[in-house]
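Have a look at the structure below before the remarks.
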C-alpha cells in the first residue's frame, strides 16, 4: 500500500490553534479516503474507516479535508474496492470489530488513531488495556514501503499477537477473558524509517 502522499499532505497542513481533539485524525481520514478512491486501494479505505470510527465523537473536520461520511459507509466503499476474496475478508473483519474493545492506549483514554514515524533500531512501545470479553483491535498501516514487526504481550510475557508484514498492514484482533494491559512493540525491520497509521478500537 503506497500512501506516501498522505504524509506530505499532513505535514504541509498549516498550524491551527488548539483544534478539538480528534479533528486532526478525521482530517487524516479524509485524505486517506480520498487517496483510496483515486488509487482503488481497499486497504487504505479500511484505514480511513478505522480512523473515523476511532474518533466518531470528535468535532467535524473543517472545509479542508472534510469527512462527512461514517465509518460504515467507508467500509462499504472498501468492500467495493476489494480486488479479491482476501481483501474482502479484511474489510469484513474490520467492519465487525466492536469499537468498545480498547479502554486505554498510548497513555490516553479511549481509542487511538495516530500517524507515527518509527526509525530502525528504535521500536515504538506503549501499553494498551483491552476490556474483558470484548473484541480488541490494533491495526498498523505503513504509509509506504517498509518491513514492520508487531508484537503484543500480556503482563505475564505471553504473546497475544506477533505479525511481520513487509509493506502491508498488520491487524491484531483478539478477545481477552479479563480486562488486561498489554505491552505493544512496533519494530522496523527494514533499513529506513517507516511512517505508519496506528488505529485501535
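Residue numbers (this note's numbering): 59 to 259.
We treat Cβ as the ideally placed atom computed from N, Cα and C, and that holds for glycine.
The model shown is predicted, which means the values in this text are computed figures rather than measured ones.
Quiz item: What residues in its chain sit with their C-beta under 7 Å from that of residue 243, if we drop five residues either side in the sequence?
Solution: Here the set comprises 181, 183, 209.
Exercise. Just grab the DSSP bridge partners of residue 197 for me.
Key: 229, 257.
Quiz item: For the putative contact between residue 206 and residue 255, defined by C-beta atoms under 8 Å, what is the C-beta separation to the nearest angstrom?
Solution: A Cβ-Cβ distance of about 12 Å is found for the pair residue 206 and residue 255, leaving them out of contact under the 8 Å criterion.
Exercise. Quick one: give me the first and last residue of the alpha helix (DSSP H) that residue 133 is part of.
Key: Taken as a continuous stretch (DSSP letters only), the alpha helix (DSSP H) holding residue 133 covers 129-139.
Quiz item: Which one of 149, 238, 219, 214 has the shortest CA to CA distance from residue 325?
Solution: What is shown of the chain runs 59 to 259, which leaves residue 325 out entirely.
Quiz item: Are the beta-carbon atoms of residue 137 and residue 127 separated by less than 7 Å?
Solution: In this structure, residue 127 does not lie closer than 7 Å to residue 137 by Cβ.
Exercise. Indicate the three-state DSSP secondary structure (helix, strand or coil) for residue 144 in the structure shown.
Key: Note: residue 144 maps to helix in three-state DSSP.
Practice problem: State the Cα-Cα distance for the pair residue 220 and residue 131, rounded to the nearest angstrom. | Solution: Put simply, the backbone Cα of residue 220 is about 30 Å away from that of residue 131.
Self-check item: Proximal residues to residue 249 (C-beta, below 8 Å), its chain only, five neighbours per side dropped
Solution: The answer, listed in chain order, is 178.
Quiz item: Between the beta-carbon of residue 197 and the beta-carbon of residue 129, is there less than 7 Å?
Solution: Cβ distance not < 7 Å, so residue 197 and residue 129 don't count as in contact.
Quiz item: Where do the N-terminal and C-terminal ends of the alpha helix (DSSP H) with residue 111 fall, by residue?
Solution: First-last of the alpha helix (DSSP H) with residue 111: 100-112.
Quiz item: Identify the residues that DSSP records as bridge partners of residue 224: which are they?
Solution: Note: residue 224 is bridge-paired with 205 in the DSSP secondary-structure output.
Quiz item: Helix, strand or coil: which one does DSSP assign to residue 250?
Solution: Residue state, collapsed to three classes: coil.
Quiz item: Taking buried to mean at least 16 other C-beta atoms within 10 Å of its own C-beta, is residue 204 buried or exposed?
Solution: Burial call: buried.
Quiz item: What residues in its chain sit with their C-beta under 6 Å from that of residue 231, if we drop five residues either side in the sequence?
Solution: Counting only Cβ-Cβ distances below 6 Å, and skipping sequence neighbours, we find 195.
Practice problem: Would you tell me roughly how many angstroms separate the C-alpha atoms of residue 96 and residue 89, rounded to the nearest one? | Solution: Each residue's Cα considered, the two are about 11 Å apart.
Practice problem: Could you check what DSSP says for residue 115 in three-state terms: helix, strand or coil? | Solution: Here the model assigns residue 115 a pLDDT of 48, short of 50, so the residue's position is not dependable and the matter cannot be decided.
Practice problem: Compare the Cα-Cα distances from residue 199 to each of 212, 99, 188 and report the closest residue. | Solution: The option with the nearest alpha carbon to residue 199 is 99.
Quiz item: For residue 101 versus residue 227, is the C-beta distance shorter than 7 Å?
Solution: Against a cut-off of 7 Å, the Cβ pair of residue 227 and residue 101 comes out as a contact.
Quiz item: Does residue 150 have its Cβ less than 7 Å from a Cβ in chain B?
Solution: Within the model displayed, chain B is absent; a lone protein chain is all it includes.
Practice problem: Report back the beta-carbon spacing between residue 211 and residue 240 to the nearest angstrom; my notes put them in contact at under 8 Å. | Solution: With 8 Å as the limit, residue 211 and residue 240 qualify as a contact, their Cβ atoms being about 6 Å apart.
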